[in-house]
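Participant: I am attaching a structure below and will ask some questions about it afterwards.
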Amino acid sequence: MEEMKQKIINLIEQEELEKVKQLIDQLEQNAKSTSDVYFLNALYFIKIKNFDNAWLWLWRGLYDFPNDPGLNKLMSDILKILGRNKEADHYFQQLSKLGFENKNFTNIIPANLYEDEINPQTASQSSNHLLRVMQGTIEIANQMNTLSDALSKIGVYSKTLNYYPYYLNYQSDYEWSLLGFRSSPLLNQQQKKLAEQFLPQFDLFHFHFGTSMTFDYSDLPLYIKYEKPVIMQHWGSDIRLLSKAMENNPYSLVKNQNENQIHYMLTSLSDSIKHCIVPDMELYQYVKDYYENVFVIPSMINLDSYVPIKRNQRSQKPLIVHAPTSPYIKGTQYILKAIDTLKKQYHFDFRLIQGMSHQEAMKIYQEADLIIDQLHIGSYGLLAVEAMAMGKPVICWISDFMKENYPNDLPIISANPDTITKVLESILKNQDQLQEIGIKGRKYAEAYHDMNKNSLKVLEIYQSLSKQ
């Protein structure tokens, strides 16, 4: 263990950071409960200047190993960097109690670790910010991060916490991987302690996808006690009820068919949380009878990250792309069947995108001539928004109910399991229409899904809740 630890420290000094991450991951798999895992992860995140994640690794380490001198030393340092000097003094005093106040830590802390970052980031906690907002605890289609970036541009101190870092590799300020973990008294107690750490740092808490800081929602009374406004944002499969969905959409499928479980979750949440956001009217119908206030704000993206690539001529062999995160719900089997049928008659390429990071998938989307989203849900999701922003035509099932509730200029080509072959064949016969549909898609994304516009709507909600 000591040999591996020293090797990682040396690699940090040499700035071989990819090797550092690989070795730390190996160490985590072999020795999950040692203080070294927390210490080395903190070193890594300090080195890449992610001080929030460094703090979280140290906090978790000190929760299990409160008398570890290395963890106390790093925590004192990182809190100074974050401008939290009173808290930093607490950990320095802990070092004194342990008899390590004069210890030279150069053997375990790389000489170039902090570089010029020791100047406190006091501005992050200053009164110049309109609000201080914490979002958590699951990243859905990069929506937490996108909103956080947009809020930061308009004067909000905004941070995100993600318990579920999937292969898509979305970024968060704080990341604590609890993939595969189940609710337990010990884990909920630790999560509640983390919530208590964040309470004085933030004015408002914005949760997503039916999650909160704890698995058992035991943190929710804390926000009421300390008069911290809370809002819940639901995104789809967390609340979609098959019985209600079928009323407006005969092709509906849901991930969770246990409607009693969804009802229990919504009842539990709405007992403590009175305000909710959903991205469209399809989801509004599932939550309107639970929360006191339901706001509809479309999903948002950074349009600057989705710039259409101009082509001088039509592709000789068009590329059709489908990227299902959930093949059953997206209707992938019907799409593949349609592709196989049409391949016998038409000249085109097809790519099925699975298991890639978001950035890797984006590169392929830019090459596509047509992107297929889903055939069952009846409303469009983030893939369709991203595709439209890139100027790509999109096939997606839009129910009659949602056609009435979306803006009239929605340029999505609608198809369901019964019509996908016919719709695709029509497009392959009339490819000249794709460019114009793509242009309309970009305009639609600019009008309704711009993070700079939609974040202002979220801020209005925040400010109204803060005044109550």
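Heads up: the sequence shown begins at 3 in my numbering, then just goes up one per residue.
Backbone N, C-alpha and C fix where the C-beta goes; we use that ideal spot for every residue, glycine too.
Give the DSSP-derived three-state secondary structure of His210 in the structure shown.
Facilitator: strand
Participant: How close, in whole Å, do the beta carbons of Ser254 and His378 come, if the pair is a contact with beta carbons under 8 Å?
Facilitator: 6 Å
Participant: Name the DSSP beta bridge partners of Tyr159, please?
Facilitator: According to DSSP, which records beta bridges pairwise, Tyr159 is partnered with Arg134.
Participant: Relative to the C-alpha of Gln361, which residue among Asp452, Ala143 and Gly101 is closest?
Facilitator: Ala143
Participant: Got a sec, what are the start and stop residues for the alpha helix (DSSP H) Met404 sits in?
Facilitator: Asp402 to Asn407
Participant: Ile233 by DSSP, collapsed to three states: which one?
Facilitator: strand
Participant: Using C-beta distances below 8 Å, list every residue in its chain close to Leu97, excluding the 5 sequence neighbours before and after it, in chain order.
Facilitator: Pro71, Asn74, Lys75, Ser78, Glu103 and Lys105
Participant: Can you find a C-beta in chain B that's less than 9 Å from the C-beta of Ile156?
Facilitator: No chain B appears in the structure shown, which is made up of a single protein chain.
Participant: With a threshold of 16 other CB atoms inside 10 Å of the CB of Asn87, please say whether the residue is buried or exposed.
Facilitator: exposed
Participant: Roughly how many angstroms lie between the CA atoms of Ile226 and Val232, to the nearest whole one?
Facilitator: 9 Å
Participant: Is Glu103 helix, strand or coil when you go by DSSP?
Facilitator: Assignment of Glu103 by DSSP, reduced to helix, strand and coil, places it in the coil class.
Participant: Using 8 Å as the Cβ pair cut-off and three pairs as the minimum, do the stretch 318-327 and the stretch 283-291 touch?
Facilitator: no
Participant: State the start and end residues of the unbroken alpha helix (DSSP H) segment that holds Val280.
Facilitator: Not the alpha helix (DSSP H): Val280 falls in the beta strand (DSSP E), residues His277 to Val280.
Participant: So if DSSP puts Asn295 in a beta bridge, which residue, or which two residues, is it bridged to?
Facilitator: His277
Participant: Can you give the Cα-Cα distance for Leu45 and Leu385, rounded to whole angstroms?
Facilitator: Leu45 and Leu385 have their alpha carbons spaced roughly 36 Å apart.
Participant: Cα separation between Tyr172 and Asn260?
Facilitator: 29 Å
Participant: To the nearest angstrom, how far is the alpha carbon of Lys21 from that of Ser179?
Facilitator: C-alpha separation (whole angstroms): 20 Å.
Participant: Within 10 angstroms of its Cβ, does Leu42 collect 16 or more other Cβ (buried), or is it exposed?
Facilitator: buried
Participant: CB Tyr219 to CB Ser274, shorter than 9 Å?
Facilitator: yes
Participant: When the distance is taken between beta carbons, is Met302 closer than 9 Å to Thr162?
Facilitator: No, Cβ-Cβ distance for Thr162 and Met302 is not below 9 Å.
Participant: Tell me whether Pro281 is buried or exposed, calling it buried when 16 or more other Cβ atoms sit within 10 Å of its Cβ.
Facilitator: buried
Participant: Can the beta-carbon of Ile156 be found less than 9 Å from the beta-carbon of Ser457?
Facilitator: yes
Participant: Which residues in the same chain have their Cβ closer than 6 Å to the Cβ of Lys405, if we skip the five residues on either side of it in sequence?
Facilitator: none
Participant: I need the DSSP call for Leu354, collapsed to helix, strand or coil.
Facilitator: Residue state for Leu354 is assigned as strand, using DSSP reduced to three classes.
Participant: If we count Cβ pairs, one from each stretch, closer than 8 Å, do we get three or more for the stretch 359-373 versus the stretch 191-209?
Facilitator: No: fewer than three Cβ pairs fall under 8 Å.
Participant: Cα-Cα, which of Tyr292, His208 and Gln8 is closest to Ile264?
Facilitator: Tyr292
Participant: Give the DSSP bridge partners of Leu321, in chain order.
Facilitator: Asp351
Participant: Just how far apart, CA to CA, sit Gln235 and Tyr266?
Facilitator: Spanning the two alpha carbons is a distance of roughly 17 Å.
Participant: So what does DSSP say about Ile439, is it helix, strand or coil?
Facilitator: Ile439 carries a helical assignment under DSSP once its states are collapsed to helix, strand and coil.
Participant: What would DSSP say about Val22, mapped onto helix, strand or coil?
Facilitator: helix
Participant: In whole angstroms, what is the alpha-carbon distance linking Ala449 and Pro310?
Facilitator: 16 Å
Participant: Using C-beta distances below 7 Å, list every residue in its chain close to Leu58, excluding the 5 sequence neighbours before and after it, in chain order.
Facilitator: Tyr176 and Trp178
Participant: Tell whether a beta-carbon distance below 9 Å holds between Ser214 and Thr139.
Facilitator: yes
Participant: Just list the residues that DSSP pairs Ile475 with in beta bridges.
Facilitator: Residue 475 lies beyond the residue range present for the chain, which begins at 3 and ends at 470; the question has no answer from this structure.
Participant: Please report how far the alpha carbon of Leu206 lies from the alpha carbon of Leu181, in whole angstroms.
Facilitator: 26 Å
Participant: For a test of the three-state rule: what should DSSP assign to Glu177, helix, strand or coil?
Facilitator: strand
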